[in-house]
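Peer 1: Residue numbers (my numbering): 77 to 267. Mind looking over this structure? Questions follow.
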Ligand SMILES: Cc1cc2nc3c(=O)[nH]c(=O)nc-3n(C[C@H](O)[C@H](O)[C@H](O)COP(=O)(O)O)c2cc1C
């Protein structure tokens, strides 16, 4: 698959099954991620792969964080939402959390370091597509929750930029490759 084919064919697939990328394939995906443009080559991106047992353990973190957010805002927890937080990582056999750790550089602001982690995430998804895997980038309230960050050893000022769900598309799922119209996207500069 060419690079352009991988870019066009990358589509979000909500439920993924085994096999997940492991071994050399996972290494290839993470190396592609770490090859992203990175102002100052500060290497601010971090990758946390979660497979079955780790998904269960991190699901408990997400559940407790949800309950704590409810308590903080005086909301009654919703049983279905609570269960979803506990189990949602299971929508794919592998989830890679991509974070940006502030390298506290004098010249390069954290927003640009975060941008590098976002670029790393996209590289990971394109590489996964090129290797024949399905994927989906998800975020939601947990990415801004200091308790979830702390579970990863991150500080409040660091960022979780995405939960990358990786696996294999179920049989029968066909995705439509991207072929976007550009008409509304061009912002001409008129001299
Ligand atoms: C930063 C970011 C966060 C996202 N978070 C979610 C999410 O929490 N839930 C979700 O269903 N999709 C999420 N998505 C996926 C988008 O909804 C999806 O990419 C978009 O619908 C386009 O579809 P495609 O990925 O098939 O091109 C996210 C995408 C990005 C870039």
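The C-beta atom is built at its ideal place from N, Cα and C for all residues, glycine as well.
From residue 207 to residue 198, what distance separates their C-alpha atoms?
Peer 2: So the alpha carbons of these two residues sit roughly 14 Å apart.
Peer 1: Rounded to the nearest angstrom, how far is the Cβ of residue 193 from that of residue 211, given a contact under 8 Å?
Peer 2: Not quite, the Cβ-Cβ distance comes to about 16 Å (not below 8 Å), so this is no contact.
Peer 1: Using a threshold of 9 Å, state whether the C-beta atoms of residue 138 and residue 162 are closer than that.
Peer 2: Yes.
Peer 1: Could you check if residue 240 is buried or exposed, using at least 16 other CB atoms within 10 Å of its CB as the buried criterion?
Peer 2: Buried is the call here.
Peer 1: Would you say the beta carbon of residue 175 is closer than 8 Å to some non-hydrogen atom of ligand 1?
Peer 2: no
Peer 1: Assuming residue 243 and residue 94 are in contact, meaning their beta carbons sit under 8 Å apart, how far apart are those beta carbons, in whole angstroms?
Peer 2: 7 Å
Peer 1: Report the option in 262, 233, 222 whose CA atom is closest to the CA atom of residue 142.
Peer 2: 222
Peer 1: Ordered along the chain, which non-local residues of its own chain (more than five positions away) have a Cβ less than 8 Å from that of residue 118?
Peer 2: 179, 181, 184, 189, 192
Peer 1: For ligand 1, any of its heavy atoms closer than 8 Å to the Cβ of residue 216?
Peer 2: yes
Peer 1: Which residue comes first and which comes last in the alpha helix (DSSP H) that contains residue 125?
Peer 2: For residue 125, no alpha helix (DSSP H) segment is defined; the enclosing uninterrupted segment is the beta strand (DSSP E) at 121-126.
Peer 1: Spatial neighbours of residue 90 within its chain, please: C-beta separation below 7 Å, excluding the five flanking residues on both sides.
Peer 2: 167, 212
Peer 1: Closer than 6 Å by C-beta to residue 122: which residues in its own chain qualify, once you throw out the five before and the five after it? Chain order, please.
Peer 2: In chain order, 175, 177 place their CB closer than 6 Å to the CB of residue 122, counting only its own chain and leaving out the 5 sequence neighbours on each side.
Peer 1: Could you pull out every residue in the same chain whose Cβ sits closer than 7 Å to the Cβ of residue 157, ignoring the five residues on either side in sequence?
Peer 2: 142
Peer 1: Per DSSP, what are the beta-bridge partners of residue 243 in this structure?
Peer 2: 210
Peer 1: Just curious, the beta strand (DSSP E) that residue 170 is in, first and last residue?
Peer 2: 170-176
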